[in-house]
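Chains as they are written, first to last, in our numbering: chain D, 1 to 247; chain A, 248 to 494.
We put the beta carbon where it would ideally sit given N, CA and C, even for glycine.
Owing to the predicted nature of the structure, the values given are computational and were not obtained by experimental measurement.
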DNA sequence: AATGATATGGGAGGAAAGCTCAGGTAACAC
DNA sequence: GTGTTACCTGAGCTTTCCTCCCATATCATT
């Protein structure tokens with residue numbers, strides 16, 4: 001359903017506002033008030049889990065404040081205790097996903113890539129991402145939001161996804177550069193972009209496929225990436241696959 | 248009874264998608280009342296165009312009945328004259344897209360594929376789809392709706408997209424079979440699925456890319472598909488490179 | 001030109017979701 | 001135990017947007 005948020009009166013009598021220093025950076029806007037007791041922390045986690053469940057089951061639009069609260073076995077009021085509005089819940093969930101995703105990326109890109117066969121390298125990156133999708137069925141949907149949406153809160157997941165994707169492409173770019181320094185930069189980046197796009201798409205499709213098809217689809221993705229990247233990264237001796245200096 | 252669902256298109260003789268010569272079988276649900284004067288017809292077109300504009304500019308959620316009517320320089324009441332509800336407008340738009348898309352598919356898959364080089368074949372399919380994306384910036388968004396959504400009307404675009412995708416995969420499947428009859432069916436279908444997924448994803452990304460990158464991205468997609476499909480469709484050794492008369 | 005059929009526009013009604021608030025309970029510090 | 005602060009609750013207020021209605025305007029046909 002179209003959900004527009006209102007300017008939100010925001011006339012809270014006092015609101016322990018900035019007060020002083022703030023080590024937090026981005027999450028400042030995501031919370032109305034940060035939880036201070038363990039009870040509060042776990043409630044927030046509960047709410048995020050509930051949101052993920054609802055979204056996985058019935059889609060983003062079904063994740064109304066009411067539905068989330070209900071699923072979390074709590075009251076709507078509690079939700080608004082910590083979150084300024086409904087979209088902030090989804091944004092926070094997106095943040096949680098993004099964090100985990102970033103960790104996966106961190107791990108998947110080894111320093112010592114040089115020694116690895118391309119095949120192993122692809123495996124090392126693709127596998128944990130597939131697992132992540134399996135573990136988080138709501139992930140795809142949270143980040144399925146499209147870019148525009150003038151609204152700031154609403155656009156948060158899309159922005160986050162763009163960032164995440166960007167940084168992933170950057171990593172690929174660096175990796176490719178280290179494997180084949182003779183590959184021209186533009187071409188290299190394009191290959192990184194394509195690889196990321198393709199990987200994302202096939203993984204998304206895989207997560208909707210029947211259990212029996214999951215493994216073969218993953219294998220096929222590997223093969224696809226391998227045949228695509230091989231000529232770029234492990235070029236046949238003495239040839240560079242570009243227009244310049246064919247030799 | 249909203250939009251008719253016919254899964255399993257498989258053969259090239261069905262084309263059961265709504266075409267204007269059918270009185271009121273399928274679109275009965277999509278229209279509250281069909282326009283009978285040219286004025287009404289053009290108003291409907293105007294409304295759909297307006298909806299496409301709004302969606303392209305500000306996303307699906309922004310396309311409220313009010314916003315659409317405003318953009319079309321008409322009144323909400325007129326909208327409800329023809330459409331039973333807001334979602335029906337989007338559904339109708341989706342239908343319009345699906346129609347055009349189907350025509351493109353029709354044209355892109357030639358009967359005489361046998362004689363064509365794989366490279367030309369890919370071109371012939373990919374190019375018109377890229378053009379379509381360029382012509383219809385709202386397309387991606389209309390069909391971006393995720394599958395769930397218990398609502399019948401709401402889910403129409405997603406169903407339509409699934410159908411369209413399915414039929415596209417079917418066509419690829421048939422094409423692949425004719426090019427390499429020795430390819431096992433499951434493997435063949437998987438290749439078709441992957442090809443379609445990948446093509447879709449890269450085209451979607453391309454439509455968001457800068458003007459300068461559009462062409463190279465398309466070229467890269469072609470190369471990707473070529474290297475992926477080559478070993479499957481034009482197997483290196485012991486192949487039957489037949490056009491007809493396989494034996 | 002008359003007259004019925006069709007189309008238009010704007011506003012009322014109402015449902016659904018967002019959000020608030022006053023009043024309560026739990027946790028923690030002393 | 002007492003005080004303070006953090007948290008919880010859920011009925012209800014507000015907003016948004018869908019949908020209906022109907023007076024008025026336009027068309028189409030005799």
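Residue j beta carbon less than 9 Å from that of residue i
i	j	result
residue 232(D)	residue 188(D)	yes
residue 469(A)	residue 337(A)	no
residue 160(D)	residue 94(D)	yes
residue 370(A)	residue 427(A)	no
residue 177(D)	residue 467(A)	no
residue 348(A)	residue 307(A)	no
residue 441(A)	residue 202(D)	yes
residue 175(D)	residue 121(D)	yes
residue 204(D)	residue 135(D)	no
residue 315(A)	residue 333(A)	yes
residue 158(D)	residue 92(D)	no
residue 445(A)	residue 224(D)	yes
residue 66(D)	residue 76(D)	yes
Start-to-end residues for the alpha helix (DSSP H) that takes in residue i
i	result
residue 446(A)	432–455
residue 429(A)	Residue 429(A) -> no alpha helix (DSSP H), and no H or E assigned at all.
residue 458(A)	458–480
residue 306(A)	No alpha helix (DSSP H) contains residue 306(A), which DSSP labels as neither H nor E.
Option in the options with minimal Cα separation from residue i
i	options	result
residue 216(D)	447(A), 383(A) and 433(A)	433(A)
residue 335(A)	405(A), 430(A), 385(A) and 400(A)	400(A)
residue 236(D)	72(D), 183(D), 54(D) and 129(D)	183(D)
residue 291(A)	305(A), 304(A), 309(A) and 318(A)	318(A)
residue 206(D)	199(D), 200(D) and 214(D)	214(D)
residue 299(A)	385(A), 413(A) and 331(A)	385(A)
residue 173(D)	76(D), 109(D) and 54(D)	109(D)
residue 35(D)	83(D), 167(D) and 57(D)	83(D)
residue 375(A)	350(A), 362(A) and 358(A)	350(A)
residue 78(D)	42(D), 99(D) and 156(D)	42(D)
residue 130(D)	200(D), 64(D), 114(D) and 166(D)	200(D)
residue 305(A)	56(D), 167(D) and 155(D)	155(D)
residue 132(D)	166(D), 99(D), 37(D) and 167(D)	99(D)
CB-CB length for residue i against residue j, believed under 8 Å
i	j	result
residue 391(A)	residue 146(D)	6 Å
residue 118(D)	residue 218(D)	No, residue 118(D) and residue 218(D) are not in contact; Cβ-Cβ is about 16 Å, not under 8 Å.
residue 39(D)	residue 81(D)	About 11 Å separates the two Cβ atoms, so there is no contact after all.
residue 455(A)	residue 352(A)	Contact flag wrong, Cβ pair sits at about 23 Å.
Quick one: which unbroken alpha helix (DSSP H) runs of 4-plus residues sit fully inside the stretch 70–151 of chain D? Chain order, please. 76–82, 86–108, 118–135 and 139–142
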